[in-house]
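These notes are about the structure you will find just below.
In our numbering, the protein residues as written are -14 to 361.
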């Protein structure tokens, strides 16, 4: 380290770096600017750390705080603000060529925002730069790799992805690798390696051989040039993680109850059968079937009510049809919900729930009208 210079105005410096600044000012015959007033300082530090101006309430609170730690408290508050991580991450997102779309002709949306949030969280939690680097370059290869370190490698997937017809798959796969080489060397090494892609350059320290040696590190991913969206990683959001924790507790409680039930009643199969019987009875008590009174098909299909009060279609099999059913109520209890069940039958395609060639049951619209005391 260079020695800290001495200054004529030793009162002005507050940290060692200020001595260097003041020494240069004195050399140029300049004086330091006057100290900013509190309102101006608050505005500057708020923009510097969060990109946002202070609110009126924040300004009033700062002006009223005359303690020695007033400035420190403001900086601590701003550093703890979510806006700090968002503001500081902007520059890294630009350098890492982050975007919410894929680029090229169609420019469709992409789900890369989880990596963006990882970067914001890294700034917010002051992640050490060595870990910040390692996790983005090779977080999936770490011996203690986690979902978060694998997510960090999304840095390598920020390149444009083409889905245009007529492209040569291998050509664009190579373009993606070149993109990673250029971005990684620019961001972390401060080098423009792109010239070495085609030739040695008399002013560039990177030769063509060195370019492709570096290229080889990134040329080991099983991906495609056209529609190269894979491989993908499922990344749960913090909210999902919180919900997962709550669900885990509920599951643990249910398993404990189940074990206690087994202690009381013995065999697991018997307990399960009893539970299914009880639950089935409860469900049957809740749902009441409507009794088909009248059934018509707009396109001429034959509708028949079966013994279990379900309705079976046969005869004509048009591409689309509209069924009109009049159902009688079995109970006078209030109706709170309606449930339509698509049932399988031996007469339907492959014993499925429809007469379509593939057995799919498709419902476009379901409309219900209630008839009370003879009035609709």
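Note that beta-carbon positions come from the ideal geometry of N, C-alpha and C, so glycine has one too.
According to DSSP, which residues form a beta bridge with residue 298? 288
Among residues of its own chain, excluding the 5 on either side of residue 11, which ones have a beta-carbon nearer than 7 Å to its beta-carbon? -8 and -7
Can you list, in chain order, the residues of its chain whose CB lies under 6 Å from that of residue 172, leaving out five sequence neighbours each side? 80
Can you tell me whether DSSP reads residue 93 as helix, strand or coil? Looking at residue 93 - three-state DSSP - the assignment turns out to be coil, as it is neither helix nor strand.
My understanding is that residue 24 touches residue 44, with C-beta atoms under 8 Å, so please give their C-beta distance in whole angstroms. With a Cβ gap of about 6 Å, residue 24 and residue 44 count as contacting.
Through-space distance from residue 16 to residue -2, alpha-carbon basis: 13 Å
Boundaries (first-last residue) of the alpha helix (DSSP H) holding residue 118: Its alpha helix (DSSP H) spans residues 114 to 123.
Taking the alpha carbon of residue 160 as the point to measure from, which residue in 175, 143, 59 and 176 has its own alpha carbon closest? Per the Cα distances, 143.
My guess is that residue 124 and residue 130 are in contact by the Cβ rule of under 8 Å, so how many angstroms apart are they, rounded? That belief holds up - the Cβ atoms of residue 124 and residue 130 are roughly 6 Å apart, short of 8 Å.
To the nearest angstrom, how far is it from the Cα of residue 308 to the Cα of residue 353? Their backbone Cα atoms lie some 12 Å apart in a straight line.
Given 8 Å, three or more beta-carbon pairs between the segment 98 to 117 and the segment 51 to 61: no
In terms of residue numbering, what span does the beta strand (DSSP E) encompassing residue 281 cover? 276 to 282
Below 8 Å on the Cβ atoms is my contact criterion, and I expect residue 133 with residue 69 to pass it. Report the Cβ-Cβ distance as a whole number of Å. Actually they do not touch by this definition, with Cβ atoms about 20 Å apart.
Compute the Euclidean distance between the alpha carbons of residue 419 and residue 295, then round it to the nearest angstrom. The first residue shown for the chain is -14 and the last is 361, placing residue 419 beyond what the model contains.
Tell me which same chain residues have a C-beta within less than 8 Å of the C-beta of residue 39, skipping the five on either side of it? Close CB contacts of residue 39 within its chain, under the 8 Å cut and outside five residues either way in sequence, are with 27, 28, 31 and 47 (chain order).
C-alpha distance - residue 34 paired with residue 76, whole-angstrom precision: 13 Å
Member of 258, 243, 273 and 212 whose CA lies at the smallest distance from the CA of residue 91: Closest by alpha carbon: 212.
CA-to-CA distance, residue 183 to residue 190, given in whole angstroms: 14 Å
Let me confirm a value: residue 249 is counted as buried when at least 16 other C-beta atoms fall within 10 Å, else exposed. Which label applies? Exposed, since its Cβ has fewer than 16 Cβ neighbours within 10 Å.
Quick check on the DSSP output: the beta strand (DSSP E) that includes residue 309 runs from which residue to which? Note, residue 309: beta strand (DSSP E), 308 to 313.
With three or more C-beta pairs closer than 8 Å as the rule, is the segment 148 to 158 touching the segment 203 to 219? yes
When you compare only the Cα positions, how much space is there between residue 18 and residue 58? Their Cα atoms are separated by approximately 24 Å.
When the Cβ atoms of the segment 301 to 316 are set against those of the segment 271 to 285, are three or more pairs found closer than 8 Å? The answer is yes - the segment 271 to 285 touches the segment 301 to 316, with three or more Cβ pairs under 8 Å.
Can you tell me whether residue 333 is helix, strand or coil according to DSSP? Residue 333 falls in the coil class under three-state DSSP.
Return the residue from the list 135, 162, 221 and 149 that minimises the CA-CA distance to residue 196. 162
Relative to the C-alpha of residue 339, which candidate in 302, 5 and 63 has its C-alpha closest? Of 302, 5 and 63, the residue nearest in Cα terms is 302.
Near residue 361, what residues of its chain come up, given a Cβ to Cβ distance below 8 Å and the 5 sequence neighbours on each side ignored? Note that residue 361 has pLDDT 49, beneath the 50 cutoff, so the model's placement of it is unreliable and the number below is only indicative. For residue 361, where only same-chain residues beyond five positions count, the Cβ hits under 8 Å are 354 and 355.
DSSP beta-bridge partners of residue 10: Its beta-bridge partners do not exist; DSSP assigns none.
Could you tell me the alpha carbon to alpha carbon distance between residue 347 and residue 93, rounded to whole angstroms? 29 Å
Return the chain-ordered list of same chain residues with a C-beta closer than 6 Å to the C-beta of residue 36, the five sequence neighbours on each side being excluded. 72
Coil, strand or helix - residue 86 by DSSP: Shown here, residue 86 sits in a strand according to DSSP, grouped into three states.
Grouping DSSP H, G and I as helix and E and B as strand, with all else coil, what is residue 147? strand
Mark residue 260 as exposed unless 16 or more other C-beta atoms lie within 10 angstroms of its C-beta, in which case mark it buried. exposed
Just verifying my parser: in three-state terms, what is the DSSP assignment at residue 325? coil
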